[in-house]
Every structure is written in C-alpha cells, then in structure tokens.
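Numbering (this note's numbering), first residue to last: 250 to 521.
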Amino acid sequence: MSLRRFAVAAVLAFASVSSATKEKAPQTPISGTDTVHGCYKSVGTMKSQGNIDFNTQGACNELCRNKKKVAGASNSHECFCGDEYPNKADLVDDDQCTEPCPGFGDDACGGLDTYTVYNTGLRVTVGEASEAGSSSTSSSGPAKTSSVADAPASTSDTIETVTASSQPENTSSGPNVAGIAAGVVVGVVALSAIIGGVFFWMRRKRNAEIEEEHRRNAAVNAFISGGKPPSSSGGLSMSDSRLDPVMNRRMSDGSIADNQDYSRRILRVTNA
C-alpha cells in the first residue's frame, strides 16, 4: 500500500514540475514583432502603465507600441514601458521568472520581484539603463561644485588675464583697417587724376585737329579765290609785294599790256 502511494506522489510531482511555467529564452529582436529579451530583477527607467486584467506578452507589448516605446516588461497583471532595457547587471536566470501571465498561462510574466522584459519591435537596437552605482558618482557632483565656488578669486583672475590679452589684438587690427581705407582713397584719387588727364588730352587733341582743319579749309578757299593761302603765322604775310611780278602788272582791261615791246614797228603785209 505504501508503494502505491509513493508512486502516485511521484506522478503528481512530475506532473507539477512539467506543467510549471518557464520563461522563454532570450530572442533576437525582430522589427515589427515583440520578442522576449530576458528576466530582470528591475525595470530600470521603464514606467508602470497600470494593470491589465488579462495581461499577456502580446497585450503588454501592444500597449507599449501604441505609446511609441521600444521596451516593455511584465509582472503578473502590471505592465511597464520605456525607451531602454534595464542594465545588464540586473539580468537574472530565466527560472526566476515563472509567474504565469493572467491572460495566457503558457507565457511567463515575471516572478517574485522579477520582470519579463520585451522588445516591442519598433526598433531592433535598444540601449540599456546606466548602472545603479552611477548615482553615487552623481551625488559627489555638488561637492565638486562647492569646491569651485570656494575659489572665485582664481576665476576672476583668469577672466582679467583673458581680457588683457584681447586688448592688443583689437588695437593691432586698427591700423590695418585705416591702411586699407587710406589705400582705397589714394586709389580713387589716382584713378580720377588719370581719367581727368586723359579727358583733357583728348580735348586738346580734338581742338588742335579742328584748328588744323580750319587752316586747311582757309588755304583751299584762298587758292580758289585767287589769293594767297594764309601763312602759318596767323594769315599775315611778311613778303614784299614788289618782289611779286603779278602784283606789278596792270590788271585793268583797257590798259596796254606791259609784257609786250612797243618800241619797234611791226611790218604788216596786205594784199593789194
């Protein structure tokens, strides 16, 4: 009789062990599909979204996807969502997440102070939270800040040194600007002088050409009218009129020509 009871107890124990819910092994994240990331003892920076009456892996992940969160976690009815996984230092063995999900008992939804963490499928690459020990480092920050505040004199000395060194740079840049301005003014004046000189030279040349053309026209007109062309000395002739045989002739029509000899008689032959 005792052997029979022992056999029944063994069968019941085996059945209870085989029917116990186990955490799924961590899966490689797949875009658009929720996957199990692991069993953790904390949720890191994820925030609670309240309880889901029939919580499952799919129900919690759908809630987090609707909130544009890349990570999720479950502990029985409660669902958490966030932008990063818990720190890997909080990762525990999968056998510590054995709490059956209220909506689907074959899936594990955390355990005793443990959480089943998911990738919601919105992004394959997801970061993780910083270690819990980093808070001690941040707490030492105010002490360093106070030590800096205790020495305001050294800070002011540094500022004065920088201000003093910046003054020569400003003064040295002054002459450069003045030199550039002076160069521009001199260039403009020189260019104006060149343009003015060219203008007056062209005007004088034009006047000389006009005078020369007028002189040639006067000479042509004088030659056509029988006079003498004006000389280069403003039209005034310094030559003696007595040296010009044309001037000594008698130009009237009723006078006897002076270029013939009338002292000899001219013998004319006529037919009787």
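Ideal placement from N, C-alpha and C gives every residue a C-beta, glycine not left out.
Open item on the list: Within the continuous beta strand (DSSP E) that includes Gln298, where are the two ends?
Closed with: 296–300
Task: For Asp343, the nearest candidate out of Glu461, Arg453, Gln276 (CA to CA) - done: Gln276
- [ ] Go through its chain and collect everything with a Cβ distance to Phe329's Cβ below 6 Å, but skip five positions before and after it.
- [x] Val292, Met295, Ser297, Ala322
Task: Integer Cβ distance of Tyr289 from Pro335, believed to fall under 8 Å - done: 5 Å
TODO: Taking all protein chains shown into account, decide if Thr407 is buried (16 or more other Cβ within 10 angstroms of its Cβ) or exposed.
DONE: Bear in mind that a pLDDT of 45 at Thr407, under 50, signals an unreliable position, so the number given afterwards is only what the model happens to contain. Per the 10 Å Cβ criterion, exposed.
- [ ] Inspect the beta-carbon positions of Gly359 and Ser325 and report whether they are closer than 9 Å.
- [x] yes
Open item on the list: Could you compute how far the alpha carbon of Glu461 sits from the alpha carbon of Ala442?
Closed with: 28 Å
- [ ] Could you have a look at Cys330 and say whether DSSP puts it in helix, strand or coil?
- [x] strand
TODO: Determine the DSSP secondary structure at Asn368, reduced to helix, strand or coil.
DONE: strand
TODO: Using 10 angstroms around the beta-carbon of Val319, count the other beta-carbons present and answer buried if the total reaches 16, otherwise exposed.
DONE: buried
TODO: Would you kindly report the start and end of the unbroken beta strand (DSSP E) that includes Asn324?
DONE: 320–324
- [ ] Out of Cys350, Glu458, Cys313, state which residue places its alpha-carbon closest to the alpha-carbon of Arg372.
- [x] Cys313
- [ ] Ignore the nearest five residues each way along the sequence and tell me which others in Phe448's own chain have a CB closer than 7 Å to its CB.
- [x] none
Task: Gly331 versus Gly287 - alpha carbon distance - done: 15 Å
Open item on the list: Can you tell me whether Leu440 is helix, strand or coil according to DSSP?
Closed with: helix
Task: C-beta atoms of Gln306 and Asp283 nearer than 9 Å - done: yes
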